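J.: Got a structure for you, questions after.
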Amino acid sequence: MISFVVPAYNESLELPATLAAIHDAARGRDYEIAVVDDASTDETAEIARRAGAQIISINRRQIAAARNAGAAATRGEILIFVDADTRINRAHVDGAIAAMESGCAGGGARVITEGFVPLWGRIFVRVFCKTYFALNLGAGAFLFTDRYHFEKAGGFDEQYFAGEEVYFSLALRKLGRFKILSEPVRTSGRKLRMYSGKEVLARSFVLIIRGRRGVLSREGLDLWYNGKRETAGVRRQPNISS
């Protein structure tokens, strides 16, 4: 069985398309979807329930804790973590399974942003992705492993409030090969629409300077934790940018 784990906080806009994409991608396989509702105040849980997902409710406001809670509540031998604003397809599921069957400890996929993204955002994403994936690290939008390697790696380290996917990738790489799939996942470009280039670049610079110390609490991590969300009228999708 494949267990898809989707951490979510106030994701009523993005979640329906994400869950529909998972169902399409996994059609014909034995699978389950667990949505970890981390203290949402909107209709996230009801949307997930209507889509046939299992609901796990926690009150941590921490992405690492949400992913771990989902893994603990599911039964599948293959674990695939998908962010609530990310669309996958069959190539991602097939690729993840093939990688695990070939002896990999885990992996991820490259990322492209969906919807309108300003020019500075497109440049930022292109530079970031080229650098990040060249280091053979998985992005939080899409990660996979099996239960044995997940437990051996200790799951996601809950001392980190951001960047936990980096430490998880490094832990898996100590156990075996780590595979980045060639097929990119599509994830929301909302942060690049909701925040100015100055805000995103300044916060990114501060994190680089502070290093590990900068992700040990929510302080300074408002890009991840302030709960700001788009509305249906704001979201635009003329093109996909990489």
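Sequential numbering from 69 applies to the sequence shown in this note's numbering. Even for Gly, the Cβ is constructed at its ideal location relative to N, Cα and C. Keep in mind that this is a model prediction, so the values were computed, not measured.
Quick one: give me the first and last residue of the alpha helix (DSSP H) that Glu114 is part of.
T.: Run containing Glu114: 112-118, per the alpha helix (DSSP H) assignment.
J.: Measure the Cβ-Cβ separation of Asp9 and Ile123 and say whether it is below 8 Å.
T.: Past the boundaries of the shown model lies residue 9; the chain is included only from 69 to 310, so the question cannot be answered.
J.: Under 8 Å by Cβ, that's how I've got Leu211 and Phe149 pegged, so tell me the actual separation to the nearest angstrom.
T.: That belief holds up - the Cβ atoms of Leu211 and Phe149 are roughly 4 Å apart, short of 8 Å.
J.: Go through the stretch 197-239 residue by residue and report every complete run of the alpha helix (DSSP H) that reaches 4 residues or more, in order.
T.: Whole alpha helix (DSSP H) segments, 4+ residues: 215-221.
J.: Pop quiz: Glu226 and Ala133 are said to be a contact at Cβ under 8 Å. What is the actual Cβ separation, rounded to whole angstroms?
T.: Going by Cβ atoms, the distance from Glu226 to Ala133 rounds to 5 Å, so yes, they are a contact pair.
J.: Rank His217, Val179, Arg278 by C-alpha distance to the C-alpha of Gly206 and give the top, closest one.
T.: Among His217, Val179, Arg278, the Cα nearest to that of Gly206 belongs to Val179.
J.: I'd like the span of the beta strand (DSSP E) that includes Tyr99, first residue to last.
T.: From DSSP, the beta strand (DSSP E) with Tyr99 extends over 99-106.
J.: Would a C-beta distance cut-off of 8 Å place Gly138 and Pro84 closer than the cut-off?
T.: Cβ atoms of Gly138 and Pro84: not closer than 8 Å.
J.: Three-state secondary structure (DSSP) at Ser272?
T.: In the structure shown, Ser272 sits in a helix (DSSP, three-state: H, G or I).
J.: Output the distance between the C-alpha atoms of Gly282 and Ala202, rounded to the nearest integer angstrom.
T.: So the alpha carbons of these two residues sit roughly 23 Å apart.
J.: Check for me: the alpha helix (DSSP H) holding Leu147 runs from which residue to which?
T.: No alpha helix (DSSP H) contains Leu147, which is instead part of the beta strand (DSSP E) from 146-150.
J.: Measuring only the C-alpha atoms, how far is Glu79 from Glu114?
T.: Roughly 11 Å between the two C-alpha positions.
J.: Leaving out the 5 sequence neighbours to the left and right, which residues in its chain are closer than 6 Å to Ala230 when beta-carbon positions are compared?
T.: Counting only Cβ-Cβ distances below 6 Å, and skipping sequence neighbours, we find Val283, Leu289, Trp292.
J.: Going by other Cβ atoms of all chains shown within 10 Å of its Cβ, with 16 needed for buried, is Lys315 buried or exposed?
T.: Residue 315 is absent from the model: the chain starts at 69 and stops at 310.
J.: Looking only at DSSP bridge pairs, what is Thr154 linked to?
T.: DSSP lists Thr255 as partners of Thr154.
J.: Give the C-beta separation of Val73 and Ile156 to the nearest angstrom, bearing in mind that I take them to be a contact with Cβ-Cβ under 8 Å.
T.: Between Ile156 and Val73 the Cβ distance is about 13 Å, and since that is not below 8 Å, they are no contact.
J.: Quick check on this structure: which residue in Ala173, Asn127, Ala121 has the alpha carbon closest to the alpha carbon of Ile146?
T.: Answer by Cα proximity: Ala173.
J.: Based on Cα-Cα distance, which residue from Arg271, Cys197, Arg258, Arg118 lies nearest to Thr299?
T.: Thr299 has its Cα closest to that of Arg258, out of Arg271, Cys197, Arg258, Arg118.
J.: Among Ile131, Thr213, Lys296, which has the Cα closest to the Cα of Gly144?
T.: Taking only the C-alpha atoms, the option nearest Gly144 is Thr213.
J.: What residue range does the beta strand (DSSP E) around Gly174 cover?
T.: Taken as a continuous stretch (DSSP letters only), the beta strand (DSSP E) holding Gly174 covers 174-182.
J.: What do you reckon, are the CB atoms on Leu249 and Ala140 nearer than 8 Å?
T.: Contact: no.
J.: Work out the CA separation of Gly163 and Leu87 for me, nearest whole Å.
T.: Going by the C-alpha atoms only, they are around 19 Å apart.
J.: Keeping to the same chain, check which residues put their C-beta closer than 7 Å to that of Thr255; ignore five residues upstream and five downstream.
T.: Cβ neighbours of Thr255 beyond the five flanking positions: Asp151, Asp153, Thr154, Val179, Thr181, Glu182, Ala209.
J.: Measure the C-alpha to C-alpha separation of Tyr235 and Val274 and round it to an integer number of angstroms.
T.: Approximately 19 Å, taken between the alpha carbons.
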